[in-house]
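Heads up, the sequence shown is in numbering that gives the first Met the number 0, so the first residue is 0 and it goes up one at a time.
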Amino acid sequence: MKMWNFMEGFGRCVAELEAQFSGGETSRGFRGADNRKPSRADGCAHRCEPPRGPFIRWGARRSMPFKPLSETLEFCRKTSNAKTMKIYLHNIFRHWFGGIFAALFCLVATGAYAGYVDITVNDGSPSWTYGTDPRPGVGESGETEANTINNASWDLRAFAFDPGTSQLMVVSAFDPLTLNGGVGIGDIFIDINNSFTVPSRPNSGNGYFDYANSGVGYEYAIDLIDPSHGGLGYNVVALSGASILRSGEYAQNAISDPATLVASGADSILSSGVFSVTTKTDAQVYADLGINIGTNGGTNYVFSFNLSSVSFADGATFRLTQECGNDLLVGKAVPETSTWVMGFVAVAAVVCMLSRRAKPAM
0 MKMWNFMEGF GRCVAELEAQ FSGGETSRGF RGADNRKPSR ADGCAHRCEP
50 PRGPFIRWGA RRSMPFKPLS ETLEFCRKTS NAKTMKIYLH NIFRHWFGGI
100 FAALFCLVAT GAYAGYVDIT VNDGSPSWTY GTDPRPGVGE SGETEANTIN
150 NASWDLRAFA FDPGTSQLMV VSAFDPLTLN GGVGIGDIFI DINNSFTVPS
200 RPNSGNGYFD YANSGVGYEY AIDLIDPSHG GLGYNVVALS GASILRSGEY
250 AQNAISDPAT LVASGADSIL SSGVFSVTTK TDAQVYADLG INIGTNGGTN
300 YVFSFNLSSV SFADGATFRL TQECGNDLLV GKAVPETSTW VMGFVAVAAV
350 VCMLSRRAKP AM
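In structure tokens:
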């Protein structure tokens, strides 16, 4: 009985929604296409034109009996005919579920979800923590790599990506515009087909080592143009197998390699831009950007890059560290909007085909 009371109340709410979308009456009585109530003289009360609306009419068939959902629920409660109830429940599924599905599809297709999404993931390496990251399984804010300087001024905290504008944003308590102990920020490396591997250092000693990208496997990089000395420019670069990548300084931080790109003729510049840096507290990062990095102190430096010159049809992995490899930041972006839209179109086609299976009229 409690379940039925819930369904009955839900039915009343749905009836009001029907009236809002169709401009007609509620479940107390609905009208035909000529705006009058059907009668027995019309042949069958069930065959009047159903209310028109973006949800109700989606996928409707004229041969399918239709009543407002509230009346359908009432009918199901009273009837003992299993076959009849099955037909009515099919009616509910086809009209209402289909309509909701169509609405969600429209939201995706129009980019209604646009905005920054936190794409930070766990970097997969041993770490030391000085604070707490509230994001389940991420463990990136309040953390640096093991056996490194472990405080907020060295902490890279979040990647965020806006699929609508192809903007990649970094939230970092490490200041990208100055040197910290003589060390600057590194470049951002991008893998779009999950093919990269961490390069092996030629020996166990410290120092900078150069590698050919053929043994690493990145497709793109964001080459920051000397930000530690006031430069705010960047290039989005397509890498080749001959592109040169440079390691971090310390062997103990090899998991963070590579740290920077060594510009060469083997690279192709796709686009260039200028980035700006704003500062925010932990609370402001959450309030303004919706990224919950916890309350680990320090100043957060927020900066972003336009990646519209790069295709992320299959998603992407982003990696950033400092020139010494003190902290590693990793982000994973989902496929771009067009890929999701194509997937929704495929599922919608299946739903449409299933909904066209003929049902006997009541």
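By construction, the Cβ of each residue, glycine as well, lies at the ideal position given by its N, Cα and C atoms.
query: Between which two residues does the beta strand (DSSP E) containing residue 284 stretch?; result: Segment 281-288 is the alpha helix (DSSP H) holding residue 284; no beta strand (DSSP E) there.
query: Out of 328, 258, 120 and 303, which has the shortest C-alpha to C-alpha gap to residue 182?; result: 258
query: Would you call the CB atoms of residue 255 and residue 320 closer than 8 Å?; result: yes
query: Given residue 123, which residues of its chain have a CB within under 7 Å of its CB, disregarding the five upstream and five downstream residues?; result: none
query: Buried or exposed for residue 220, going by 16 or more other Cβ atoms inside 10 Å?; result: buried
query: Identify whether residue 315 lies in helix, strand or coil by the three-state DSSP scheme.; result: strand
query: Closest to residue 144 by C-alpha separation, out of 126, 130, 263 and 158, would be which residue?; result: 126
query: By how many angstroms is the C-alpha of residue 246 removed from the C-alpha of residue 322?; result: 8 Å
query: Here's a check: name, in chain order, each residue in its chain whose Cβ is nearer than 6 Å to the Cβ of residue 273, leaving out the five neighbours to either side.; result: 231 and 232
query: Look up residue 234 in the DSSP assignment and give the residues it is bridged to.; result: 222 and 271
query: DSSP on residue 246, reduced to helix/strand/coil?; result: coil
query: In whole angstroms, what separates the C-alpha of residue 263 from that of residue 161?; result: 30 Å
query: Work out the CA separation of residue 282 and residue 188 for me, nearest whole Å.; result: 29 Å
query: Report yes if the CB atom of residue 190 is closer than 8 Å to the CB atom of residue 315, and no otherwise.; result: yes
query: Output the distance between the C-alpha atoms of residue 61 and residue 313, rounded to the nearest integer angstrom.; result: Summary for residue 61: the model assigns pLDDT 41, below 50, so the residue's position carries little reliability; its value from the coordinates is reported in the next sentence. In a straight line, the C-alpha of residue 61 is about 41 Å away from that of residue 313.
query: My parser needs the beta strand (DSSP E) runs of 3 or more residues fully inside the segment 125-194; what are they?; result: 126-128, 142-144, 155-161, 166-171 and 187-190
query: Would a C-beta distance cut-off of 8 Å place residue 318 and residue 301 closer than the cut-off?; result: no
query: Comparing C-alpha positions only, which one of 118, 146, 129 and 150 sits nearest to residue 135?; result: 118
query: Grouping DSSP H, G and I as helix and E and B as strand, with all else coil, what is residue 252?; result: helix
query: Please classify residue 175 as buried or exposed, where buried requires at least 16 neighbouring CB atoms within 10 angstroms.; result: buried
query: Following a CB-centred definition, is residue 222 positioned closer than 7 Å to any heavy atom of the ligand SAM?; result: You won't find the ligand SAM in this model; it holds no ligand whatsoever.
query: Cβ of residue 295 within 8 Å of Cβ of residue 140?; result: yes
query: In chain order, what residues of the same chain have a beta carbon less than 6 Å from the beta carbon of residue 217, not counting five sequence neighbours either side?; result: 188, 190, 195 and 238
query: Note down, in chain order, each residue of its chain lying with its Cβ closer than 6 Å to the Cβ of residue 253, except the 5 sequence neighbours on either side.; result: 200
query: Just the Cα atoms here: how many angstroms apart are residue 228 and residue 276?; result: 14 Å
query: Out of 271, 213, 244 and 154, which has the shortest C-alpha to C-alpha gap to residue 235?; result: 271
query: Am I right that residue 414 and residue 215 are in contact with their C-beta atoms under 8 Å? What's the rounded C-beta distance?; result: Because the chain is modelled from 0 through 361, residue 414 falls outside the range shown and cannot be assessed.
query: Apart from the five residues on each side of it in sequence, which residues of its chain come closer than 8 Å, Cβ to Cβ, to residue 121?; result: 136, 137, 138, 139 and 329
query: Following the continuous beta strand (DSSP E) through residue 260, name the residue where it begins and the one where it ends.; result: 259-261
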